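S.K.: In UniProt numbering, the protein residues as written are 1 to 380.
Each residue gets a CB set at the ideal place from its N, CA and C atoms; glycine is no exception.
Just so we're clear, the structure is a prediction, and the values are computed from it rather than from any experiment.
To start, I am sharing the structure in question, which I have written as structure tokens.
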Amino acid sequence: MDWACRLLGLSPDFLNSSGVGGGAIQNTASDSALIAAVAARSLYQRDHPEVALGDLVIYTTTQTHSLGLKAGLVLGLSVRVLEVKAEDDFSLRGETLQAALDEDEKLGKKPFILIATVGTTSSGAIDNLPEIQQIVKNHPSLWVHVDAAWAGVALSCPENRQGCHLDTLNEFANSFCTNFHKWGLVNFDASTLWVRDRKHLTDALDVTPPFLRTKHGDAGTVIDYRNWHLALGRRFRSLKLWFVLRSFGAEGFRSYIRKTIALNQEFAAFVEKSDYLSLVTPPSLALTVFRLDPKPKSPDQPALSTESLNNVNRLFYGRISTRDDILLTQTVLNGVHCIRLAVGAARTESVHIQKACDLLHKEAQLTLEAWEQTTLEESH
Ligand SMILES: *Cc1c(COP(=O)(O)O)cnc(C)c1O
């Protein structure tokens with residue numbers, strides 16, 4: 001784990017060898033967030049024994065992965081979903097967090113964890129960690145968990161660190177998660193979770209019946225990872241991670257990440273040039289979110305309404321998803337239907353991107369023809 005920690009440029013505070021913080025492989029990012037929430041809850045309750053469980057609140061945003069709501073569901077706690085705006089590229093801003101904290105304080109609610117995201121699922125949005133850090137300074141009991149399930153492995157390349165606010169994350173995040181089993185070349189499962197203070201994990205999760213006692217455990221000379229997650233047993237996944245990192249090497253891993261980002265830039269450039277497609281948000285690392293949005297054929301042609309465009313894009317996505325030579329996913333960003341293309345495999349090459357561009361161009365034309373046909377029929 002320490003090697004992976006260094007590869008991503010995480011603070012030495014998170015190293016297992018620090019003796020204070022540390023990391024452990026979990027099943028999934030959902031498990032990692034749940035574990036962070038359990039640790040945060042337990043810490044909050046120890047510091048505020050007078051607070052009723054029913055007043056605790058988990059903070060997420062509208063762009064947080066479903067793991068936020070699930071953590072609330074599993075723990076029986078309420079979840080407050082903070083709004084993010086298209087003009088901020090769906091990033092959580094400090095003022096939104098501040099307003100929610102002020103409001104909840106008046107209501108007697110106790111937010112104890114914020115699940116922030118670096119690289120949201122829908123659009124690759126990166127929450128504004130520097131602004132969040134300023135707010136959290138005055139709310140030290142708010143645990144900040146950074147979910148970077150997809151994007152975290154891009155931190156291996158120094159050029160991606162600033163955009164992902166790595167320095168800030170290193171200064172103040174309580175926990176951080178990324179999935180090597182997504183963009184990081186490791187087969188499922190290998191979700192890496194790091195915490196700044198491992199004691200918060202073990203204080204929350206240590207249950208040691210007599211049959212689990214060992215002399216090494218009692219002496220504190222070994223790390224008992226069973227207290228760093230929910231189960232007792234653990235799969236031996238570190239070897240899998242080790243093999244990938246050993247066979248690619250740090251430079252090989254970085255050049256793979258760089259290649260996928262360059263391929264995505266190639267795709268984004270195609271979208272920008274296209275007469276039929278447009279970007280919905282700026283491309284994020286290896287992800288492009290776009291939609292069918294035809295340029296007007298003449299200056300006096302009326303633009304399509306949001307609703308019509310959404311319908312056109314449903315039709316467009318319907319066509320794409322029946323094909324067996326491309327797999328794209330759809331999403332909705334503040335009411336706008338969009339399509340996602342993510343590059344994330346070692347064997348993807350430029351020819352595949354070109355093929356995707358040709359195919360989308362053709363499908364876009366066919367979709368528009370079909371759409372014009374139906375609107376023509378409707379108007380008769
Ligand atoms: C994929 C993803 C998740 C969920 O990951 P699991 O490991 O399947 O739980 C969570 N957050 C983000 C940002 C993701 O991209």
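Along the chain, where does the alpha helix (DSSP H) that runs through Y276 open and close?
M.R.: Counting along the chain, Y276 falls outside any alpha helix (DSSP H), and DSSP gives it neither H nor E.
S.K.: Taking 8 Å as the limit between beta carbons, can you name the residues of its chain near C177, skipping five residues before and five after?
M.R.: Within the same chain, C177 has close Cβ partners Q26, A29, S32, A33, A36, H145, V146, D147, A148, A149, G152, S191, T192, L193 and W194.
S.K.: Answer yes or no: the CB of T329 versus the heavy atoms of ligand 1, is any distance below 6 Å?
M.R.: Result no, Cβ not under 6 Å from ligand 1.
S.K.: Start and end of the alpha helix (DSSP H) containing Y225?
M.R.: Y225 -> no alpha helix (DSSP H), and no H or E assigned at all.
S.K.: How many Å lie between residue 385 and A345 at the Cα?
M.R.: Only positions 1 to 380 of the chain appear in this structure, which leaves residue 385 out of reach.
S.K.: Return the chain-ordered ranges of every alpha helix (DSSP H) run that is complete within the region 279–357 and spans a minimum of 4 residues.
M.R.: 306–321, all fully within the region 279–357.
S.K.: Reducing DSSP to helix, strand and coil, say where L10 ends up.
M.R.: Note: L10 maps to coil in three-state DSSP.
S.K.: Closer than 6 Å: is that where the CB of T121 sits relative to any heavy atom of ligand 1?
M.R.: Under cutoff, so the answer is yes.
S.K.: Are there any heavy atoms of ligand 1 lying less than 6 Å away from the beta-carbon of L67, as far as the coordinates show?
M.R.: The answer is yes for L67.
S.K.: Just how far apart, CA to CA, sit C357 and S42?
M.R.: Taking the straight line joining both Cα atoms gives about 50 Å.
S.K.: Can you give me the start and stop residues for the alpha helix (DSSP H) that I135 sits inside?
M.R.: Unbroken alpha helix (DSSP H) run through I135: L129 to V136.
S.K.: Taking all protein chains shown into account, decide if S78 is buried (16 or more other Cβ within 10 angstroms of its Cβ) or exposed.
M.R.: S78 is exposed by the Cβ-count criterion.
S.K.: Below 8 Å CB to CB, which residues in the same chain sit around D325 once its five sequence neighbours on both sides are set aside?
M.R.: Answer for D325: K355 and L359, listed in chain order.
S.K.: Taking C-beta to C-beta, are L169 and L142 nearer than 7 Å?
M.R.: Cβ atoms of L169 and L142: not closer than 7 Å.
S.K.: Return the bridge partner residues of P111 from the DSSP annotation.
M.R.: P111 is bridged to V57.
S.K.: For Q26, list the residues DSSP reports as bridge partners.
M.R.: Partner(s): S191.
S.K.: Under 8 Å: do the region 328–339 and the region 272–288 share three or more Cβ pairs, one atom per stretch?
M.R.: The region 328–339 is in contact with the region 272–288.
S.K.: Please identify the residue among V312, E307, M1 and K240 whose C-alpha is closest to the C-alpha of L185.
M.R.: Per the Cα distances, K240.
S.K.: Enumerate in chain order the residues of its own chain whose CB-to-CB distance from E363 is below 7 Å, with the five nearest sequence positions on each side excluded.
M.R.: Correct list, in chain order: F316, R319 and I320.
S.K.: Could you compute how far the alpha carbon of G163 sits from the alpha carbon of D127?
M.R.: Computed Cα separation, rounded: 10 Å.
S.K.: Let me check you understand the geometry: is the CB of T192 closer than 6 Å to at least one non-hydrogen atom of ligand 1?
M.R.: It does not: the Cβ of T192 is nowhere closer than 6 Å to a heavy atom of ligand 1.
S.K.: Quick check on the DSSP output: the beta strand (DSSP E) that includes N179 runs from which residue to which?
M.R.: Note, N179: beta strand (DSSP E), S175 to N179.
S.K.: In chain order, what residues of the same chain have a beta carbon less than 6 Å from the beta carbon of R237, not counting five sequence neighbours either side?
M.R.: Correct list, in chain order: I25 and A190.
S.K.: Would the beta-carbon of I353 fall within 7 Å of that of L230?
M.R.: No, they are not a contact pair.
S.K.: Strictly by DSSP, which residues pair up with I35?
M.R.: Answer by DSSP bridge pairing: none, since I35 is not bridged.
S.K.: Do you know offhand how far R46's Cα is from G124's?
M.R.: Between R46 and G124, the C-alpha separation is close to 35 Å.
S.K.: Out of T214, H165, F211 and A219, point me to the one whose CA is closest to Q133's CA.
M.R.: Nearest option by C-alpha distance: H165.
S.K.: Could you tell me the alpha carbon to alpha carbon distance between V332 and E307, rounded to whole angstroms?
M.R.: Looking at the two C-alpha atoms, the distance is approximately 13 Å.
S.K.: Going by CA-CA distance only, name the one from W3, C5 and G23 that's closest to K199.
M.R.: Taking only the C-alpha atoms, the option nearest K199 is G23.
S.K.: Check whether the Cβ atoms of V84 and L92 lie closer than 7 Å to each other.
M.R.: Cβ distance < 7 Å, so V84 and L92 count as in contact.
S.K.: Compute every distance between the C-beta of W150 and the non-hydrogen atoms of ligand 1, then say whether any falls below 6 Å.
M.R.: Flag set: Cβ of W150 near ligand 1.
S.K.: Could you tell me whether the Cβ atoms of S156 and L8 are closer together than 7 Å?
M.R.: A contact, by the Cβ cut-off of 7 Å.
S.K.: For Q330, I'd like the list of residues in its chain whose CB is within less than 6 Å of its CB, leaving aside the five on either flank, ordered along the chain.
M.R.: Result list for Q330: Y317 and I339, in chain order.
S.K.: Looking at ligand 1, does it come within less than 6 Å of N179, judged from the CB to the closest heavy atom?
M.R.: Yes, Cβ of N179 sits closer than 6 Å to a heavy atom of ligand 1.
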